[in-house]
Amino acid sequence: MLQSFSATVVCLLSAAAWCFAASAFSPKAVSPRRLTIGAQPALVLMQQGEVNFEVIEPVNPAARQAAAELLAGLARITGKKITMVAEASGKVPAIYLGASPEAAKLGLLPEKLDRDGYYIKTDGDRLFIVGVDELPCLNQQTATLFGVYDFLERFAGARYYFPGDIGTIMPKKEDWSIPEIDIVERPDTQYRWIYCYPCSFADKERYDYPGQGNARNLKTWRNSSLNSIRSCHGLNDLQLATRFAKTNPEYFALGNDGIRHDGTNNKRSYHIHGHLCYSSPGLKEVVYQDAVACLTGKPASSRGISRWTPRWNTTHVNITPNDGVLWCQCPQCKPIQEQGKQAMSNHIWGFVIDIAKKLKQNGIPGMIVMDSYGVYSDMPTLEIPENIIVSLAVTGPWGEEHAKIREQGDRKLRDWSSLLKAKVGTWTYPTKACAEVPFVPNFTPRAVASFYKRQQPYIYGGFFEAGSDRWIFGFMNAYVYSKLLWDWNTDVEELLEEHCTLMFAAAAPYLASFYRELEELWMKNIVKETIATSWGESWQLPTRREVWTKIYSPEKIAAICRLFETAEKAVADDAQALKRVQFMREEMWGPVLQGAEEYNREATDRTLWTLQGG
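Have a look at this one:
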């Protein structure tokens, strides 16, 4: 009993150590990939409906999530309840999960892999799935879990399009053998983050989609375990308004009315954090000392901060300004504004660069994360030290039909990458927060593929803002994003064709046609024009009348309704495929019918009111 307890303590300590040793971020893939799969069956896992394998309980407790997911997947595949055993019997093939002495003897050492990397390897009658696994901590890695999903996809035919039985393919097997396997895998980009805003509350109750609540990073898609690299206004996390509004008003931007923007006079929700005077040497020193404390592992309380947020950790700190910067009108800042946007961008970048240089000069490890966004979006005419990680806000996939927007985004990513001699991050906006057209599916996976494929040489990953009034409208946008940023060689057309075939069987051609129609209508009719605003280029969206009389015209709606009728007839004898076709008809197409009905009813009411009033 004592020996078992000691072993558990060692495992816990080892997993806890990995929280710090294996959480580093690298903008460039380093560890090699290997994919060796034999041509002949090597391990028989099922025979005539009988299970012929055993799953060994992981030595490392941090791999238990991977074990739970494997057991759940295997139960669906085999139709049997699968339980773990303490050690291999030697009578049937054994599946080992996570780091273990047996895996180490084969050289399956997770610490040799890039972040989120894993091994899948057979050895005689044993199968190993091994990655870095951490107990709950900042930037927790679950690489063995990623390996489990990969194994089930490659060798059992599983597919995870969206949560639930409808969106998950898990073929049941009577006979199942796997070949000899030697896979070393890792992502091409270490930062793959999907964010869903806005998403309707009703939709959130019905589906647990990525970007909502605890499912923000859907692990079945092997999205990034590194969530703290996300940029977006990290100076807010320092609670500067709370700490210094009363004692150091000079830290805050001076308004034309002589009042400091210290978080107490708010017209918008994001003003509660205050806006800053980037000419203040005292402010710069405060932020520098905060960065030193955080990067060297000191508690937030040592700096008068309640807690370090995920964006502030021992690997990197985020010094991006608050949203909607209000420019300071003090004697030092106002002349800079009068010089124009380039001078303003240089000023804010100079503030960040000075802190980065000082950290480097004083031997403080770690990186600074900074955005190119808003008034500081112009590339500075200053030398940027190598301990700054840059993320760029660009329109992204929905600009693919617009030569000007597309070329601007491409040039920005290319030029910044050249300036830094390093890859940059992206923040893109395939979100209805930027194109509020209710009831209409924003289904654009090919545009996602087109944009990101082109950025491969320049980016280390990105923040994918994917909100919609119904999450199902854009599920393949996020799926394609996830697959492509894991492996740049993903054939997206093949992926989309496979999706339709596996989901809809004989109705696949009709649903493929429906998907193409949705993308064409969105890309060429909804986000087809832009206008200049104080926030930059914005979509000039069609009116409701245009949406429901020209784009989704009665003729177009009738044609797609007929398409679904044909699709349902094609799979009338295939219960599972019929169920999925009907799901898409209800969830993806039903809202369009609802939107058209509401518009037509309101139009009829207005006509009647006009006639009666006349």
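Numbering that gives the first Met the number 0 applies: residue 0 is where the sequence shown begins, and numbers increase by one. We put the CB at the ideal spot given by N, CA and C, even for glycine. The structure displayed is predicted, hence computed values, not measured ones.
Item                                                                                                                                 : Value
Glu597 - DSSP class collapsed to helix/strand/coil                                                                                   : helix
Beta-carbon contacts of Asn216 that lie in its chain and below 6 angstroms, excluding the five residues immediately before and after : Only weak support exists for where Asn216 lies, its pLDDT of 44 falling under 50; the value from the coordinates is given anyway. So the list reads Asn222, once near-sequence residues are dropped.
Nearest-angstrom Cα separation, counted from Ala93 out to Gln46                                                                      : 16 angstroms
Extent of the continuous beta strand (DSSP E) to which Thr35 belongs                                                                 : Arg33 to Gln46
Residues sharing a beta bridge with His315, DSSP                                                                                     : Met366
Cβ contact (3+ pairs, closer than 8 angstroms) linking the region 238-245 and the region 268-276                                     : yes
Chain-order list of residues whose beta-carbon lies under 8 angstroms from that of Ser224 (same chain, five-residue window excluded) : Arg114, Asp115, Asn138, Gln139, Gln140, Thr141, Ala142 and Asn216
Nonlocal neighbours in the same chain, by C-beta distance under 7 angstroms from Leu517, ignoring five residues either side          : Pro440 and Phe442
Terminal residues of the alpha helix (DSSP H) in which Tyr514 lies                                                                   : Ala507 to Leu520
Other residues of its chain near Leu510: CB distance less than 8 angstroms, five sequence neighbours each side excluded              : Cys499, Met502, Phe503, Ala566, Val580 and Met583
Selection from Gly460, Glu493 and Val526 that minimises the alpha carbon distance to Ala28                                           : Gly460
Nonlocal neighbours in the same chain, by C-beta distance under 7 angstroms from Val8, ignoring five residues either side            : Caution is warranted here: a pLDDT of 31 is assigned to Val8, below 50, making its placement in the model unreliable, and the coordinate value is therefore given only provisionally. There are no such residues.
Reduced DSSP category for Leu481 - H, G, I as helix; E, B as strand; rest coil                                                       : Before going on, a small fix: residue 481 reads as Ser here, not Leu. Correct three-state label for Ser481: helix.
The region 379-395 touching the region 333-347, judged by at least three CB pairs closer than 8 angstroms                            : yes
Inter-stretch contact (C-beta, 8 angstroms, three-pair minimum) for the region 259-267 and the region 395-404                        : no
Top-ranked residue by Cα proximity to Thr313, from Glu284, Val351, Arg75 and Met366                                                  : Met366
Local Cβ density within 10 Å of Ile168, reported as buried at 16 or more and exposed below that                                      : buried
Of the residues Thr394, Met369 and Pro60, the one placed nearest Trp538, counting alpha carbons only                                 : Thr394
According to DSSP, residues forming a beta bridge with Tyr159                                                                        : Thr167
Rounded separation between Ala87 and Glu53 - CA only                                                                                 : 7 angstroms
Residue from Lys568, Leu495 and Arg405 with nearest C-alpha to Arg445                                                                : Leu495
6 angstroms Cβ shell around Thr615 - same chain, five flanking residues per side excluded                                            : Lying outside 0 to 613, the shown extent of the chain, residue 615 is not represented and no answer is given.
Every unbroken beta strand (DSSP E) within the region 85-141, with a cutoff of 3 residues, ordered by chain                          : 93-96, 117-122 and 125-130
Enclosing beta strand (DSSP E) for Pro178 [first to last residue]                                                                    : Trp175 to Glu184
Neighbourhood of Ile556 by C-beta distance below 8 angstroms, restricted to the same chain and skipping five residues each side      : Val591, Leu592 and Ala595
Proximity of Ser176 and Pro40 at Cβ, strictly below 9 angstroms                                                                      : yes
Limits of the beta strand (DSSP E) - the one that Glu385 falls within                                                                : Unbroken run through Glu385: none, as it is neither H nor E.
Option nearest Gly303 by Cα separation, candidates Val374, Val183, Gln288 and Leu144                                                 : Gln288
Neighbour flag for Phe563 against chain B, beta carbons, 9 angstroms                                                                 : Although the question refers to chain B, the structure presented lacks it and comprises just one protein chain.
Unbroken alpha helix (DSSP H) run spanning Pro585, endpoints                                                                         : Looking at the sequence itself, residue 585 is Glu, so the reference to Pro does not match. Premise fails: Glu585 is in no alpha helix (DSSP H) and is neither H nor E.
Start and end residues, alpha helix (DSSP H) containing Trp415                                                                       : Ala402 to Leu419
The beta strand (DSSP E) enclosing Gly257, as first and last residue numbers                                                         : No beta strand (DSSP E) contains Gly257, which DSSP labels as neither H nor E.
Identity of the residue in Leu144, Trp192 and Val50 nearest Asn476 by Cα                                                             : Trp192
Within 9 angstroms, strictly: CB atoms of Lys120 and Ile182                                                                          : yes
DSSP-derived helix/strand/coil call for Ser227                                                                                       : coil
Among Gln575, Trp485, Ala571 and Asp573, the one whose alpha carbon lies nearest that of Arg185                                      : Trp485
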